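K.L.:
So the protein sequences, as listed, match chains A and B.
Using my numbering, you'd call the opening residue of the first sequence number 1 and step up by one each time.
Using my numbering, you'd call the opening residue of the second sequence number 1001 and step up by one each time.
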Amino acid sequence: MSQTKTKDHAAMARAFIKDEERVDWHDGALWYIREKRDLAAKQIPEWEQLRETASMIKNNVISNLHDYLLQFEANLTKNGVVVHWADSAEEHNEIVYSILKAKEINQMVKSKSMLTEECHLNEYLEERGIEVINSDLGEYIQQIDQEPPSHIVLPCIHKRKEEIGELFHEHLGTEKGLSDPTLLTRVARKHLRNIFLTRRGALTGVNFAVAETGEYVVCTNEGNADMGAHLSEVQIASMGLEKIIPQKKHLGIFLRLLARSATGQPITIYSSHYKKPRKGQEMHLILVDAGRTRQLGRPDFRDSLKCIKCGGCMNTCPVYRKSGGLSYQNTISGPIGAILAPNLDMKKHADLPYASTLCGSCSNVCPVKINIHEQLYKWRQEIVKEGYAPTTKTLGMKTMAWTLSSPEKLSTAGKAGRWFLHNVPFVVNNKLNPWYRQRDMPEGPKESFAEWFTKNSVKK
Amino acid sequence: MTTREKILQATLNNQPAASALPDISVFKGEDKDLVQKYMTVFKTIGGNCFLVDDVAGIQSLITQNYDATRRIVTTVAELSDKFELISNEADPHSYENIEVAIIKAHFSVAENGAVWLTEEVMGQRIIPYICQHLAVIVQADTIVPTLHEAYEKIGAGEYGFGAFIGGPSKTADIEQALVLGAHGPLTMTVFIMK
Ligand code: SF4
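(1) Span of the beta strand (DSSP E) holding Lys110(A)?
(2) Taking 7 Å as the cut-off, does the CB of Ser261(A) come closer than this to any heavy atom belonging to the ligand SF4?
(3) Identify which residue in Arg160(A), Arg193(A), Leu192(A) has its Cα closest to the Cα of Leu178(A).
(4) Does Cys156(A) come out as helix, strand or coil in the three-state DSSP assignment?
(5) Under 8 Å, CB to CB, which of the residues in the stretch 98-130 of chain A have a partner in chain B?
(6) Taking only runs of the alpha helix (DSSP H) that begin and end inside the stretch 1070-1155 of chain B, which ones reach a length of at least 4 residues, in chain order?
(7) Measuring only between beta-carbons, confirm whether Ser1169(B) sits less than 8 Å from chain A.
(8) Taking C-alpha atoms, which residue in Tyr97(A), Ala225(A), Phe301(A) lies nearest to Ser271(A)?
(9) Below 9 Å on C-beta distance, what does Val1041(B) contact in chain A?
(10) Thinking C-beta only, is Pro335(A) closer than 8 Å to Cys307(A)?
(11) Taking only beta-carbon positions, decide if Tyr1151(B) is within less than 8 Å of chain A.
(12) For Lys176(A), collect the residues of the same chain with a Cβ closer than 6 Å to its Cβ; drop the 5 residues on either side in sequence, then sort them by chain order.
(13) Verify the CB distance criterion: does Lys276(A) have a CB-CB separation below 8 Å to chain B?
(14) Would you mind telling me which residues of chain B sit closer than 7 Å to Met239(A), beta carbon to beta carbon, in chain order?
(15) Would you verify that the beta carbon of Ala338(A) is, or is not, closer than 8 Å to some beta carbon of chain B?
(16) My output table needs one value for Lys42(A): the three-state DSSP class, helix, strand or coil.
(17) Using a Cβ-Cβ distance under 8 Å, would Cys156(A) count as near chain B?
(18) Contact defined as beta carbons within less than 8 Å: I believe Val1073(B) pairs with Val1136(B). What is the distance between those atoms, to the nearest angstrom?
(19) Any beta carbon of chain A sitting closer than 8 Å to that of Asp1067(B)?
(20) Please report the residue range of the beta strand (DSSP E) in which Met1193(B) lies.
(21) Return yes when the C-beta of Gly311(A) is under 7 Å from any heavy atom of the ligand SF4, and no when it is not.
(22) Who does Thr1171(B) pair with in a DSSP beta bridge?
(23) Are the CB atoms of Ile267(A) and Gly1046(B) within a distance shorter than 8 Å?
(24) I want to check one thing, is the minimum distance from the CB of Pro318(A) to the heavy atoms of the ligand SF4 below 7 Å?
(25) With DSSP as the reference, please indicate the residues paired to Glu464(A) in a beta bridge.
(26) Taking only heavy atoms of the ligand SF4 into account, decide whether any of them is closer than 7 Å to the Cβ of Cys307(A).
(27) Please state the DSSP three-state secondary structure of Leu1051(B).
(28) Against chain B, with Cβ distances strictly below 8 Å, would Trp31(A) count as a contact?
(29) Buried or exposed for Pro299(A), going by 16 or more other Cβ atoms inside 10 Å?
(30) Taking all protein chains shown into account, decide if Asp303(A) is buried (16 or more other Cβ within 10 angstroms of its Cβ) or exposed.
(31) Nearest-angstrom Cα distance between Cys119(A) and His349(A)?
(32) From Ala416(A) to Met346(A), what distance separates their C-alpha atoms?
(33) Given that His230(A) touches chain B, what residues does it touch there, using C-beta distances under 7 Å?
(34) Whose C-alpha, out of Ala1018(B), Pro1185(B), Lys1082(B), Gln1176(B), is nearest the C-alpha of Leu1061(B)?
(35) For Thr1002(B), count the other beta carbons within 10 Å of its own beta carbon; 16 or more makes it buried, fewer makes it exposed. Which is it?
(36) By Cβ distance, which residues of its chain are closer than 7 Å to Gly187(A), with the 5 residues on each side in sequence left out?
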């Protein structure tokens, strides 16, 4: 599932939007989640204060990470958890391999962890004779289809149920044509239950790691992380350094924000607090850098380390909704992925900061108030300075100028015209956007964009 | 330099100037109609909720609502003459076939419907996940408004494992269609004891 990059985001997106029905569905499904998030947020009068507080706690974490890491490590050790440090993805994978090998484990079950996706852990272990099964339903589906997740919370949101039915038919022997979500879920439940019961090794991700107590919290809706962990002899947790929070009471802030921002739920079904190994069980925790300390050293971009991976910025992003997560060709896609990826490989991901209208909708929903769209803008400058600017991008701006300068071109632009109608209100209403100064947009599409544009250009 | 030293050094070199922690004591929920609020929220997240007077009431609801010929386990001493007591010594895999697990929560949270459980009340960590149906008893006067009061109540917490559980396991991974019963329980019922 290693992602080699032969095409840029725009080219990949072009391929995705060819299937108009799918794009409309994808767009609508994500927007629906965004609306659920809004409803959930509205029910909490102190929502904005919570976001501000979460942002401040994370600022504190970033500014004191060194000491928190030491405190967390000391508490983990006191609790009987073995702590490992990994500088790179390779080192992380080697550690996991050595832990499993020492126990002669050759089958492992894994719950959702974007970090291990980023490290390409599954491929690494499989090359060494260890089978890994992803237990989150969406991730399991992506795994059997040999595709990476397209969304950090909803891994197979780009797939239709018929396609999933086809995969189940091929891999799990379900009846051909079966596509009912409940029935498919039941089949997966049965299949994976057997996996949980037979795997001696389990790996989970980490949502929050409490420096003060050495415990870590894993949030799932499916219960898969716990099914794996509590039936295992060896439990491994992999986390990026930035997952630390100072004190346990801070969980109150983050857990109130996380699920509401992600899916509009009041809390994820399971918020599991792992502190000590079970009797007879081994518990390991791997602290992974893999570019994080480098990002910490970039004043303009270090805020991206505050991310709690709610996926809210993806659901609201007009570009993400229309281009699909796979078009980003990075484990973390969407707006947050576009500011994390250039840190990992600026040349390879030079296209991603351009996969944005800079509308700022991402920053508006982010529960930890990351200035995502401003960082996207700054990455563009950085990328141009370093000489990595994709030539198509300058062209892209020219095309936009050309389209907007001619109403006939726009009204005959078909799909592109509709795309603008759906997205353009954000585009303009933003200081960072060159269009801002001259033009302002109407509230809703009471008149067509072409009509509006004609009227307004005439006025000017 | 070991990897650990290298990472710690890089962290120290690259972290920005100290930024203070905010005061979070301002966050407090409203201590009003908690039972009602809890019940409403819990139902909207797909749970069942009953108000009961005593353990006998729970026992009869359990036998009415579940298949009593299947394996039903509990950590609640008062229910042990009727149902199997969970042993914390047994192999967790041996609970693979349990139909219902009945456990007592420390408390629950009105704002999000979650109950707080530690391994001590679970009997075994796997119990609330591996059962087909989860039944949790909550004392009405222990319900707190929000997670802020919840963490105050938990304090340092001397547990090896603890969890908030807010409803039956669920997934919407296939076309965003909500399905209750992903890998964990298919249903969750909370009995609120007056
Ligand atoms: S950047 Fe903010 S909105 Fe996006 S996933 Fe991270 S926390 Fe959520």
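Using N, Cα and C, we set each Cβ at its ideal position, and we do this for glycine too.
As the structure is a prediction and not an experimental result, all values here were calculated from the model.
P.N.:
For this structure:
(1) 107-110
(2) yes
(3) Arg160(A)
(4) coil
(5) none
(6) 1119-1122, 1127-1130, 1147-1154
(7) yes
(8) Ala225(A)
(9) Pro266
(10) no
(11) yes
(12) His169
(13) yes
(14) Under the 7 Å cutoff, chain B gives no residues; its nearest Cβ is about 13 Å from Met239(A).
(15) no
(16) helix
(17) yes
(18) 13 Å between Cβ atoms; not a contact.
(19) no
(20) 1187-1193
(21) yes
(22) Val1179(B)
(23) no
(24) no
(25) This structure cannot speak to residue 464(A), because chain A is shown only from 1 to 460.
(26) yes
(27) strand
(28) no
(29) exposed
(30) buried
(31) 17 Å
(32) Only weak support exists for where Ala416(A) lies, its pLDDT of 47 falling under 50; the value from the coordinates is given anyway. So the alpha carbons of these two residues sit roughly 29 Å apart.
(33) Pro1092, Arg1125, Ile1126, Tyr1129
(34) Lys1082(B)
(35) exposed
(36) Contrary to the premise, residue 187(A) reads as Val rather than Gly in this sequence. So the list reads Phe168, Leu172, Thr174, once near-sequence residues are dropped.
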